[in-house]
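These notes are about the structure you will find just below.
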Amino acid sequence: YGMSESVAQHLAKTYGTRAWEVCELAEATPNGEGKRRLVDNYPYIVADVIWACREYACTVEDVVSRRTRLAFLNKDAAMEAVPLV
17 YGMSESVAQH LAKTYGTRAW EVCELAEATP NGEGKRRLVD NYPYIVADVI WACREYACTV
77 EDVVSRRTRL AFLNKDAAME AVPLV
């Protein structure tokens, strides 16, 4: 799917056997936008956000804090990701 090793490892660890579905979701976005990282140096991609919304994530906070844990890892990176979320 043309993703970096760190993104692939993140997807496998987070989604298990459903990681392929997230990869397909990323591929299906216009211009491969689903493969875009939310922020540099972290493996979270736009497809993570789309997947989270399909699983009823209703707020930016839910995605950034609970689905990606980015808010707990790096507050500044989480704030940078907010516009994409």
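Take 17 as the starting number for the sequence shown in the numbering used here and just add one per residue.
Yeah, the Cβ is synthetic: ideal placement off N, Cα and C, and Gly gets one too.
What are the uninterrupted segments assigned as alpha helix (DSSP H) that are 4 or more residues long and contained completely in the region 28 to 54, given in chain order? DSSP runs (the alpha helix (DSSP H)) wholly in the region 28 to 54: 35 to 44.
What residues in its chain sit with their C-beta under 6 Å from that of His-26, if we drop five residues either side in the sequence? These residues qualify, in order along the chain: Pro-59.
Here's a check: name, in chain order, each residue in its chain whose Cβ is nearer than 8 Å to the Cβ of Gly-89, leaving out the five neighbours to either side. The displayed chain sequence assigns Leu, not Gly, to residue 89. Result list for Leu-89: Tyr-58, in chain order.
What does the alpha-carbon distance come out to for the pair Ala-94 and Arg-34? One C-alpha to the other measures close to 25 Å.
Taking 7 Å as the limit between beta carbons, can you name the residues of its chain near Ile-61, skipping five residues before and five after? When the five nearest sequence neighbours on each side are left out, the beta carbons in the same chain lying within less than 7 Å of the beta carbon of Ile-61 are those of Val-23, Ala-42, Gly-50, Lys-51, Arg-52, Arg-53, Leu-54, in order along the chain.
Determine whether the beta carbon atoms of Arg-83 and Ala-68 lie at a separation below 8 Å. Yes, the Cβ-Cβ distance between Arg-83 and Ala-68 is below 8 Å.
Beta-carbon proximity list for Ala-28, same chain, < 7 Å, skipping 5 on both sides: Cβ neighbours of Ala-28 beyond the five flanking positions: Ala-35.
So, using beta-carbon positions, are Val-76 and Val-38 closer together than 8 Å? In terms of Cβ geometry, Val-76 and Val-38 do not form a close pair [threshold 8 Å].
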